[in-house]
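The working numbering puts the first residue of the sequence shown at 47, with every later residue one more than the last. This report concerns only the one structure given below.
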Amino acid sequence: MTSPGAGTATRERGALRRVAPPARRFLADRKGVLARLGAWSVAESAQTFLGGYGVAQAVDRGFLAGDTAAGLGWLGVAAVAVLLGAPVVTGVFAQLARLTEPLRDALVRRAVTRSLAEASARPGGGDRAAVSRLTNQVEIVRDSFAGLVLTLRSFVFTAAGALLGLFTLDPALLVVVVPPLAGGLALFLVTLRPMSAAQRRALAADEALGDHASRTRGALRDITACGTREDAARRGEHLVEDAAVCARVLARWAAVRTLALGVAGQLPFLLLLLAVPWLRARGVGTGALLGAFTYLAQSLLPALHTLMTAIGAAGTRLLVVLDRITGTAPPVTAPHAPASETAPQAVSPPPPLRRSASTPRPAVELRSVTLSYGVRAEPVLDSLDLRVEDGEHLAVVGPSGIGKSTLARVVAGTLAPGAGTVEVAGRPVTGRDPAELGALRALLPQQAYVFTSTVRDNLTYLCPDARTAELRAAVGEVGADGLVARLGGLDAPLVPGDLSQGERQLLVLVRAHLSPARLLLLDEATCHLDAAAEARAEEALARRPGALLVVAHRMSSALRADRVVVLDGVGAVCGTHGDLLGRSPLYRDLVGYWGGTRE
């Protein structure tokens with residue numbers, strides 16, 4: 047059996063192999079920036095050397111030798127070295143920005159491409175970690191990369207200048223200073239691998255918790271209706287506890303790093319103080335000792351502290367997060383609309399359906415469909431059988447949270463049932479590519495999707511080849527001609543923020559009317575329209591070829607339908623309006639409630 051340490055090492059090596067090639071290409075394309083950054087760093091190394099060396103010479107060759115002018119001159123050299131730090135820092139940060147900002151842009155493009163690819167590859171699903179990658183993780187990489195470049199460069203060149211200065215003053219100074227520095231660094235490096243593994247687990251726990259929160263928020267009505275709140279809460283508690291465990295592991299390794307920082311950052315100073323008599327006996331002058339303390343206090347130890355802090359806070363996360371962002375994703379096929387309104391232009395139209403004169407294929411057929419939100423939860427849909435003929439207008443009614451939207455999503459293929467089969471135009475929808483489903487059906491949710499472009503582009507989103515005459519006819523049929531005229535015509539620019547929710551819904555209804563899909567699913571897609579506008583739009587959609595399924599929020603929608611499905615949480619009753627008034631007490635109650643208060 048492979049040990050956990052070996053597994054961690056394998057994962058880290060694998061991540062390094064995946065990240066190294068694009069990293070090398072990124073840096074190779076910016077050789078000029080790296081060269082300029084190196085030149086500024088050499089200037090910083092010279093500045094460090096002159097700072098401590100000038101102090102040492104001011105004391106030994108100047109003030110202690112009785113030559114005040116020489117002492118002041120050497121102090122002037124040290125002061126000039128300090129003053130030169132301002133342009134050096136400015137130059138370093140200018141080149142650093144030319145590295146970090148292109149990296150951030152490249153990662154954002156990669157994260158967007160990956161999320162689109164995963165959404166395309168998983169029917170009915172999305173990449174819920176995409177938000178974390180685009181916001182939190184991209185910023186982690188940018189800040190971590192900038193911090194590492196800045197601190198590694200500063201430490202290497204500052205340490206080179208300081209160690210060269212100590213050697214120039216007296217090689218014995220290195221004997222005292224270098225061992226604790228090396229020991230602290232070694233202890234620090236030991237923590238890198240386990241800290242990286244802990245950081246990987248922490249990121250995974252963060253994404254899992256975000257995914258659970260997203261799913262729970264989107265299914266609150268169904269969770270409440272099905273009585274699965276305790277299960278959802280327990281799952282959330284477990285994920286929170288996992289995240290807390292990861293945080294505690296990171297805290298323990300942070301304590302080890304604090305010890306390493308103390309050894310490397312404080313012990314050299316203490317040992318140098320204790321070694322003063324020994325160094326004096328070897329002939330090390332007072333100025334050289336003061337210069338050594340200057341190197342430690344002003345240059346070497348601050349650079350070391352910054353390096354260890356940066357690697358501890360950022361370096362262990364950089365490889366992990368880069369690997370998660372740049373990890374292999376399914377290839378992007380073609381851009382398509384949200385799962386609720388899939389664009390048919392992403393794939394070729396399906397071949398014509400073979401129809402038998404005696405047994406025509408129904409628009410929708412559900413056979414023994416069962417769906418539950420949780421293992422022990424009561425089913426929202428329980429062995430449901432439903433057949434909707436081509437050309438039929440069906441309304442779905444029931445109390446809020448009873449599963450009407452769930453039924454629409456199951457028919458649309460964006461939610462897979464636990465058992466049973468769902469067919470649209472004789473074709474199974476479960477597991478089918480969303481772009482292919484877009485040629486069969488169009489699902490319009492309550493929140494209408496419009497985008498910044500022209501009115502024409504928004505209306506022809508599902509039928510880009512529609513002619514102007516067809517477009518104007520659909521606008522008139524649905525009753526959106528007044529809105530289109532107010533917006534400035536078909537080729538006028540459209541800004542979503544300038545539209546009300548009802549106006550957005552009206553435009554999307556025209557889009558659905560133009561769609562080549564034979565099945566339209568309206569999931570409260572007219573809830574922001576007044577009763578007259580809703581009636582005109584529904585009647586227009588019912589007249590177009592194909593079937594219409596409406597999740598009703600007004601009883602008038604049920605009255606206009608050919609048949610009505612009533613969901614009561616136990617089963618489903620289907621029939622005409624007059625039939626259901628006699629068969630379904632719930633339907634009679636809904637007619638009385640909606641008729642008296644909503645119409």
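Built from N, CA and C at the ideal position, the CB exists for glycine as well.
Leaving out five residues before and five after residue i in sequence, what residues of the same chain have Cβ atoms less than 8 Å from its Cβ?
i    : result
D41  : Within the shown structure, residues of the chain are numbered from 47 to 645, placing residue 41 beyond reach of any answer.
F315 : F339, L342, A343, L347
A583 : V524, G525, L552, L555, T572, L575
V330 : L215, D216, A218, L219
L281 : According to the sequence as given, residue 281 is Arg; it is not Leu. Excluding residues within five positions, the ones whose Cβ falls inside 8 Å are H258.
R502 : L517, L536, D537
Would you list the one or two residues that DSSP bridges to residue i?
i    : result
F620 : The residue you asked about is not Phe; residue 620 is Cys in the sequence shown. C620 is bridged to V611.
H439 : L594
V470 : V410, R473
D216 : Answer is none; D216 lacks a bridge partner.
T416 : A465
D544 : Partner(s): none; D544 has no beta bridge.
V434 : V410
P539 : T500
L453 : Answer is none; L453 lacks a bridge partner.
L566 : A488, L594
L427 : L417
Quick one: what's got a C-beta closer than 7 Å to residue i's C-beta in the same chain, skipping five residues either side?
i    : result
R473 : L486
A520 : V556, H559, L560
L636 : V443, M601
V309 : P226, G229, G230, L233
V291 : none
Nearest to residue i by CA position, among the options, is which residue?
i    : options                : result
L587 : L605, L560, H574, V135 : L560
R326 : L219, R263, A259       : L219
L594 : E585, A89, P225, E580  : E585
Q492 : R629, L568, T514, E253 : L568
W86  : R303, F203, A526       : F203
A579 : G528, P463, A423       : G528
P68  : E253, L149, A310, F234 : L149
M354 : A232, P408, P425       : A232
A142 : A81, D608, P240        : One detail in the question is off: residue 142 reads as Leu in this sequence, not Ala. Checking every option, the nearest Cα to that of L142 belongs to A81.
F109 : E411, L490, E283, T332 : T332
L432 : A125, S418, A409       : A409
E435 : L626, G592, A104       : G592
R419 : L121, E438, A462, D625 : Reading the sequence as shown, one finds Tyr at residue 419 and not Arg. Looking at the Cα atoms, A462 is the closest of the given residues.
A306 : A290, L483, F234, T506 : F234
P133 : A152, Q103, L318, L83  : L83
L317 : L335, T304, V128       : L335
A205 : L453, T352, R107       : T352
L96  : R629, L430, V126       : V126
L210 : S499, S91, L489        : S91
R564 : L153, A471, L313       : A471
V496 : C509, R413, L540, L130 : L540
A349 : A301, E438, R247, G207 : G207
M241 : D189, V302, S414       : V302
T500 : V457, G534, L605       : G534
Q93  : V322, A140, V128       : V128
Take residue i and list the residues in its own chain whose beta-carbon comes closer than 6 Å to its own, dropping the five residues that flank it on each side.
i    : result
R288 : Reading off the sequence shown, one finds Asp at residue 288, where the question assumed Arg. Correct list, in chain order: A251.
G638 : none
T374 : Reliability of the predicted coordinates at T374 is poor, the pLDDT of 44 falling under 50, and the value obtained from them is presented with this limitation in mind. No residues qualify anywhere along the chain.
Y633 : V612, L626
L285 : A254, L255, H258
A89  : V134
S630 : V612, V619
T262 : A278
A494 : R550, Q551, V554
Is residue i near the ligand HEM, with its Cβ less than 7 Å from a heavy atom?
i    : result
G472 : No copy of the ligand HEM appears in this structure; indeed no ligand is present at all.
Across the region 188 to 200 and the region 336 to 345, are there enough close Cβ pairs to call them in contact, namely three or more that are closer than 8 Å?
no
Any alpha helix (DSSP H) of 4 or more consecutive residues that is wholly inside the region 473 to 504
480 to 483
Is it the case that the region 601 to 617 contacts the region 433 to 447, given that we only count it when at least three CB pairs across the two stretches are under 8 Å?
yes
Contact between the region 111 to 121 and the region 210 to 226: three or more CB pairs below 8 Å?
no
Using a Cβ distance threshold of 8 Å, determine whether the region 458 to 474 contacts the region 542 to 556, with at least three qualifying pairs required.
no
Complete alpha helix (DSSP H) runs within the region 267 to 326 (minimum length 4 residues, chain order)
275 to 311, 313 to 320
So within the region 184 to 261, which uninterrupted alpha helix (DSSP H) runs reach at least 4 residues, ignoring any that extend past its ends?
184 to 215, 218 to 236
I'd like the ranges of any alpha helix (DSSP H) spanning at least 4 consecutive residues and lying wholly in the region 94 to 147.
114 to 129
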